[in-house]
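Residue numbers (this note's numbering), protein chains in the order written: chain G, 1 to 268; chain C, 269 to 549. Think of the CB as a built atom: it goes at the ideal place given N, C-alpha and C, for glycine as much as any other residue.
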């Protein structure tokens with residue numbers, strides 16, 4: 001298959017932190033333009049390690065990663081930053097400026113966008129994550145979830161074709177999760193390829209149709225969300241639990257596994 | 269009174285003229301398992317910090333009112349003194365790691381070392397909690413080589429190693445996989461059965477529904493709901509304070525609208541109660 005047809009492609013990707021710690025084992029998959037995929041798995045399964053290959057923070061010990069058809073090992077981190085933006089799990093690992101607006105503008109500035117484009121992207125990202133009232137504040141004076149929104153806005157403002165979100169909704173309340181879900185719809189309209197690392201299975205059931213699952217560094221599932229949640233044995237093996245609605249749907253042996261409360265009650 | 273008694277607690281962070289806790293008065297009897305819920309910035313973390321003395325002793329600011337633990341006012345005690353009885357797990361493990369220990373084992377032992385516990389006892393206690401928290405195989409690993417979820421279990425181990433009578437836990441499942449989150453609650457449940465009072469701020473309301481004896485909802489630093497989970501978690505007030513009902517409650521509400529919920533039966537917030545409601549129709 002033509003590698004250029006995919007935004008992201010990995011072939012037999014392996015990564016070792018040391019001789020004995022193999023974090024990623026022989027992983028292959030593709031992400032197409034505009035696709036939204038969840039990457040799930042237990043803590044320490046290799047999800048974040050895998051994600052760091054897409055913007056060059058890590059280079060494979062074996063195998064290859066292509067971003068927009070180009071081997072990532074032939075590109076610098078700054079070259080890859082034009083293609084892939086990565087939200088870190090912990091916003092404190094990402095935030096480096098003293099003012100929220102400057103933080104959100106940091107990525108687009110470094111990518112060399114024209115001033116007008118930067119202003120547009122920054123204003124939209126600040127608005128999408130309800131940060132306009134906080135834009136002049138020091139991010140380090142904000143609460144955890146506010147800092148997380150700053151980090152999210154910074155990533156979205158980079159306007160890259162590929163975006164990887166590592167636990168974007170962790171620590172969010174329902175209003176903040178909705179802000180993220182709305183932002184995802186805009187990214188879909190913009191044909192962005194989005195990979196979301198998450199432990200929030202309810203979020204996955206309601207917003208994602210394809211799942212990649214890792215276990216002990218190996219890919220154990222790549223397919224449809226409904227098929228994934230039907231396999232309770234595999235879920236348990238991967239230290240995951242079915243979403244709340246799926247638990248009800250499974251209990252009542254519904255013919256078509258429900259993903260949302262509306263699905264469940266409609267099929268009851 | 270045995271347990272925690274809070275009277276007219278009001279707290280301002282330094283430089284802020286807006287109170288983060290406003291006139292909070294409540295009692296938590298010894299051995300209760302209390303869930304603290306609320307949207308972000310509602311005061312959950314500040315409340316947790318007040319119970320451990322971090323507010324006001326580390327963050328400073330102005331505090332009014334009293335917090336009594338087993339009859340003794342702890343608002344004037346130092347953090348170290350409070351820590352002998354009250355353990356805390358923070359939301360972000362990186363804020364809690366000491367930063368100067370090379371191994372997981374040493375990090376967990378740190379609190380006991382500071383309390384002057386004898387070496388043999390430290391080794392025994394640390395090994396016991398490493399086993400409880402599933403970290404025994406990572407004992408010799410650097411805390412900074414662990415994943416986010418593993419770090420969270422590490423700070424949990426460090427908090428319970430000194431056997432506190434009260435454990436205050438602030439959003440501990442943020443970075444945990446679903447089974448890990450469940451294991452944390454199972455562990456809290458075991459500690460609670462041994463008599464430890466549990467106060468936990470948590471976003472995953474389905475876990476609060478399953479495990480807590482009582483739920484307190486905060487909004488803008490004030491207590492807006494206080495009661496048993498099956499009442500608080502189905503309250504329409506939750507939506508007004510930017511919280512979402514559990515999917516189990518959402519199912520019950522939709523089922524009720526469609527005549528699929530038993531007449532007169534209260535709405536449910538847990539898997540078990542929702543199944544019962546749907547089966548009884």
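Measuring only the C-alpha atoms, how far is residue i from residue j?
i, j, result
"residue 65 of chain G", "residue 32 of chain G", "14 Å"
"residue 325 of chain C", "residue 316 of chain C", "13 Å"
"residue 26 of chain G", "residue 320 of chain C", "47 Å"
"residue 395 of chain C", "residue 404 of chain C", "7 Å"
"residue 273 of chain C", "residue 362 of chain C", "31 Å"
"residue 264 of chain G", "residue 56 of chain G", "42 Å"
"residue 146 of chain G", "residue 135 of chain G", "11 Å"
"residue 181 of chain G", "residue 475 of chain C", "23 Å"
"residue 170 of chain G", "residue 337 of chain C", "32 Å"
"residue 218 of chain G", "residue 80 of chain G", "25 Å"
"residue 516 of chain C", "residue 119 of chain G", "43 Å"
"residue 274 of chain G", "residue 454 of chain C", "As displayed, chain G neither begins before 1 nor continues past 268, which places residue 274 of chain G out of reach and without an answer."
"residue 468 of chain C", "residue 441 of chain C", "11 Å"
"residue 449 of chain C", "residue 241 of chain G", "10 Å"
"residue 525 of chain C", "residue 38 of chain G", "33 Å"
"residue 340 of chain C", "residue 141 of chain G", "33 Å"
"residue 372 of chain C", "residue 522 of chain C", "48 Å"
"residue 392 of chain C", "residue 428 of chain C", "13 Å"
"residue 68 of chain G", "residue 78 of chain G", "15 Å"
"residue 165 of chain G", "residue 220 of chain G", "21 Å"
"residue 231 of chain G", "residue 446 of chain C", "16 Å"
"residue 331 of chain C", "residue 488 of chain C", "16 Å"
"residue 302 of chain C", "residue 481 of chain C", "6 Å"
"residue 351 of chain C", "residue 381 of chain C", "13 Å"
"residue 378 of chain C", "residue 426 of chain C", "8 Å"
Among the options, which has the Cα closest to the Cα of residue i?
i, options, result
"residue 311 of chain C", "C:377, C:537 and C:470", "C:470"
"residue 479 of chain C", "C:540, C:270 and C:277", "C:540"
"residue 530 of chain C", "C:543, C:549 and C:326", "C:549"
"residue 300 of chain C", "C:293, C:276 and C:483", "C:483"
"residue 252 of chain G", "C:496, C:545, C:498 and C:502", "C:545"
"residue 290 of chain C", "C:277, C:296, C:281 and C:284", "C:277"
"residue 83 of chain G", "G:161, G:267, G:186 and G:28", "G:161"
"residue 285 of chain C", "C:329, C:292 and C:450", "C:329"
"residue 154 of chain G", "G:112, G:7 and G:105", "G:105"
"residue 462 of chain C", "C:437, C:368 and C:433", "C:433"
"residue 225 of chain G", "G:124, G:159 and G:206", "G:206"
"residue 288 of chain C", "C:527, C:535, C:491 and C:498", "C:491"
"residue 110 of chain G", "G:208, G:159 and G:12", "G:159"
Counting only the same chain and skipping the five closest in sequence on each side, list residues whose C-beta sits under 6 Å from that of residue i.
i, result
"residue 150 of chain G", "100, 103 and 139"
"residue 271 of chain C", "296, 297 and 298"
"residue 519 of chain C", "542"
Is the Cβ of residue i closer than 8 Å to any Cβ of chain C?
i, result
"residue 203 of chain G", "no"
"residue 170 of chain G", "yes"
"residue 61 of chain G", "no"
"residue 129 of chain G", "no"
"residue 254 of chain G", "no"
"residue 268 of chain G", "yes"
"residue 262 of chain G", "yes"
Beta-carbon of residue i versus every beta-carbon of chain G: anything under 8 Å?
i, result
"residue 285 of chain C", "no"
"residue 411 of chain C", "no"
"residue 415 of chain C", "yes"
"residue 440 of chain C", "no"
"residue 446 of chain C", "yes"
"residue 349 of chain C", "no"
"residue 320 of chain C", "no"
"residue 548 of chain C", "no"
"residue 352 of chain C", "no"
Tell me which residues share the same chain as residue i and place their Cβ nearer than 7 Å to its Cβ, disregarding the 5 neighbours each side in the sequence.
i, result
"residue 387 of chain C", "none"
"residue 249 of chain G", "257, 258 and 264"
"residue 45 of chain G", "214, 215, 216 and 217"
Less than 8 Å between C-beta atoms, sequence neighbours within five positions excluded: which residues of the same chain meet that for residue i?
i, result
"residue 423 of chain C", "357, 358, 361, 364 and 365"
"residue 514 of chain C", "473, 474, 477, 501, 537 and 538"
"residue 354 of chain C", "319, 320, 321, 337, 342, 432, 433, 434, 435 and 436"
"residue 511 of chain C", "305, 306, 307, 473 and 485"
Below 8 Å on C-beta distance, what does residue i contact in chain B?
i, result
"residue 424 of chain C", "Protein chains G and C are contained in the structure displayed, whereas chain B is not."
Which residues, taken in chain order from the segment 209-240 of chain G, show a beta carbon closer than 7 Å to some beta carbon of chain C?
Per Cβ criterion, the list reads 239 and 240.
Determine which residues of the segment 451-478 of chain C have a Cβ less than 7 Å from any Cβ of chain G, and write them out in chain order.
Cβ contacts with chain G: 471 and 474.
With 7 Å as the C-beta to C-beta threshold (strictly closer), list the residues of the segment 520-545 of chain C near chain G in chain order.
So the close ones are 522, 523, 526, 528, 539, 542 and 543.
The segment 19-46 of chain G: which residues have C-beta closer than 7 Å to a C-beta of chain C, in chain order?
Within the segment 19-46 of chain G, the qualifying residues are 42, 43 and 44.
Please identify, using Cβ separations under 8 Å, the residues of the segment 360-383 of chain C that lie next to chain G, in order along the chain.
Cβ contacts with chain G: 360 and 362.
Contact list for the segment 127-155 of chain G against chain C, Cβ threshold 7 Å:
Residues 143, 144 and 145.
When Cβ atoms are compared, which residues of the segment 90-121 of chain G fall closer than 9 Å to chain C?
Taking 9 Å as the Cβ-Cβ cut-off against chain C, the residues of the segment 90-121 of chain G that qualify are 90, 92 and 93.
Proximal residues, the segment 475-502 of chain C versus chain G, C-beta separation under 9 Å:
Here the close residues number zero.
Could you run through the segment 300-317 of chain C and flag, in chain order, every residue whose CB is less than 9 Å away from some CB of chain G?
Listed in sequence order: 306, 307, 308, 309, 310 and 313.
Between the segment 177-193 of chain G and chain C, which residues of the former have a C-beta closer than 7 Å to a C-beta of the latter?
Within the segment 177-193 of chain G, no residue qualifies.
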